[in-house]
Amino acid sequence: MTAEILNGREIAKDYRADLERQVSELKEKGVTPNLTVVIVGNDGASLSYVKSKNKAAENIGMESGIVHLEEDATEEEVLKTVESLNQDKNVHGILVQVPLPKQVDENKVLDAITPEKDVDGFNPVNIGKLYTGQETFVPCTPLGIMELLKHTGSLEGKDVAVIGRSHIVGQPVAKLLTDQNATVTLMHSRTKDMVSKIKDFDVVVSAVGKPGLLTGADIKEGAIVIDVGNTVVDGKLVGDVDYESASEKASYITPVPGGVGPLTITMVLNNTLLAAKRQNN
Ligand code: GUN
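Going letter by letter, the sequence shown gives residues 211 to 491 in my numbering.
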């Protein structure tokens, strides 16, 4: 079987066109959605990620801002920044890029973002609401993965392996897949004989950050492969899955780059628009 490519750039483009239309409707009512990103330090990958989020926001007519603090910023400075964005009526979505430098307690900072503006869905109040089925902000990468999977048909009854148990991807996507009536196995670094088990699954979502973790030989014929890995190797972005061999066996596969990444950014915009609408209701 030769896999159909889940082209994240194309799917994101259509989704963003719809968001742009909704942004312009909201602007006619006098509200311009604003996404403000806080970044601490000068990590190259984080900086470029933050810039692409802001550019994407501006491309669909939103306002965007970056608050860039020094690598040696104190926890108090970061918390003060978040507090002033919480109070700013013109800011609808706040996103603090993680990881944060050692001297800043990440949990304290995520706790400080007001849940109404927490477009990442990382605040414990929003995480709790997600798991109890209440109105919330769903984390962006899991939401993007679910959008890609909509293009592959129903997930009902499918056996899904999610590899990686992070709060940002693995755990929330397992919850969203379960809501779609899939049967989910959450695998991680301590899973026994993990790679040899992958052949049993209809869908594989790999969010580890380990290039070459899976190849075509490891997956079931006709499986759906969602590669969330994004590791820079020799200046190139690569996923967890060997694309060439896997695309000969899968029914659908996401490339890296150009698969999940564009959808993650799209969902930041989606959640910012949602935040602006909720705050002006
Ligand atoms: N760092 C890596 N992924 C993310 C994300 O989705 N949001 C934030 N805020 N930081 C990240």
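Every residue, glycine too, gets a C-beta built ideally from N, C-alpha and C. Please read all numbers here as calculations on a predicted model, not as lab measurements.
- The segment 223-233 and the segment 251-260 do not touch, with fewer than three beta-carbon pairs separated by less than 8 Å.
- The beta-carbon separation of Val372 and Val415, rounded to 5 Å, stays under the 8 Å limit for a contact.
- Look at Asp315 here: in three-state DSSP terms it is coil, with no helix or strand label.
- If you look at Ser416, you'll find it isn't in any alpha helix (DSSP H); it sits in the beta strand (DSSP E) that goes Val413 to Ser416.
- Taken atom to atom, the span from the alpha-carbon of Gly343 to that of Gln390 is near 13 Å.
- Around the beta carbon of Met397, a 10 Å sphere encloses 16 or more other beta carbons of the protein chains shown; the residue is thus reported as buried.
- Minimum Cα-Cα distance from Glu235 among the listed residues Gly303, Lys261 and Met272 corresponds to Met272.
- Note on geometry: alpha-carbon atoms of Arg375 and Pro382 lie some 9 Å from one another.
- By the neighbour-count criterion, in which a residue is buried when 16 or more other Cβ atoms sit within 10 angstroms of its Cβ, Tyr462 is buried.
- For Glu454 and Gly426, the gap between their C-alpha atoms comes out near 8 Å.
- Taking Glu285 as reference, the option from Val248, Lys237 and Arg488 with the minimal CA-CA separation is Val248.
- Around the beta-carbon of Met356, 16 or more other beta-carbon atoms lie within 10 Å, marking it buried.
- Looking at the backbone, the Cα of Gly432 and that of Leu473 are separated by about 23 Å.
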